[in-house]
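One structure is given below, encoded as C-alpha cells.
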Ligand SMILES: [Zn+2]
Ligand SMILES: [Zn+2]
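In our numbering, the protein residues as written are 11 to 210.
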C-alpha cells in the first residue's frame, strides 16, 4: 500500500515524502520487516525485505511484555514507517482533537479505536483501515504496529485469523497510550475547548 496524504496537484511537489508500509532507507538503518513471499519460502521471514539484515529479536518482541516495552519500541523504530510516525509532527487537527478530549478521554478513545479497527478477524480493508493524519491515535497505531492485522501479526506475533483477546487489546493499548503520552506530554487531563480550525 502506498498513500500520499497530500496527493493533489501542486501540493504534491511540496510534500516529497511519500509514506508507505514497505518504504526503506537501509543505508540510514531504516528497514522494512514485512516479509516477502520469497523470504517466507526461504524461511527468512523477519529479515529486512530490501537489504536482508536480521536486526529484530522477534522471540523477545513477540512475548508482548509490558516490562519490555522500551526494547520493543527501539526495535519498532528500526522500521522506516514506525520511525517516521514516531518522529513526524502531529498535525494540527490531530492535536486539536486530542486537546478537546483531554488525556483521560483520549486514552479511552484509543482502546475503542483498537477494538473497532483491529479487534476482529477478517477485515476486508485490512491495511487500509488506519489513516495517516487527523487523529493522534492513528499516529500511535502506525508507530506501534497496531494499525492493521498484518502489522500486528509480524510485529506482535498474533495470528490474523481470530479476534484479539482482551489481554492482547490491553497490550496494544499500552503501547498506544505510551506513545501518546511521550509525544504529547503537555496534554491536559481534562477536555479543553478548542475553536474549529479556519480553512484557508
Ligand atoms: Zn534494510
Ligand atoms: Zn499496518
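Quick reminder that beta carbons are idealized off the backbone N, C-alpha and C, glycines included.
Just so you know, these numbers come straight off a predicted model, no measurement behind them.
Counted within 10 angstroms of its Cβ, other Cβ atoms place residue 129 as buried (16 or more) or exposed: buried
Residue 63 beta carbon near ligand 1 (any heavy atom closer than 8 Å): yes
8 Å Cβ shell around residue 190 - same chain, five flanking residues per side excluded: 108, 113, 116, 117, 120, 146, 147, 150 and 197
Inter-stretch contact at 8 Å, needing at least 3 Cβ pairs: the segment 159-173 / the segment 124-144: yes
Opening and closing residue of the alpha helix (DSSP H) in which residue 124 lies: 102-128
Residue 185 beta carbon less than 9 Å from that of residue 229: Because the chain is modelled from 11 through 210, residue 229 falls outside the range shown and cannot be assessed.
Residues sharing a beta bridge with residue 55, DSSP: 57
Continuous beta strand (DSSP E) assignments of at least 3 residues falling wholly in the segment 141-198: none
DSSP-derived helix/strand/coil call for residue 136: coil
Residue 50 versus residue 59 - alpha carbon distance: 10 Å
CA-to-CA distance, residue 181 to residue 74, given in whole angstroms: 7 Å
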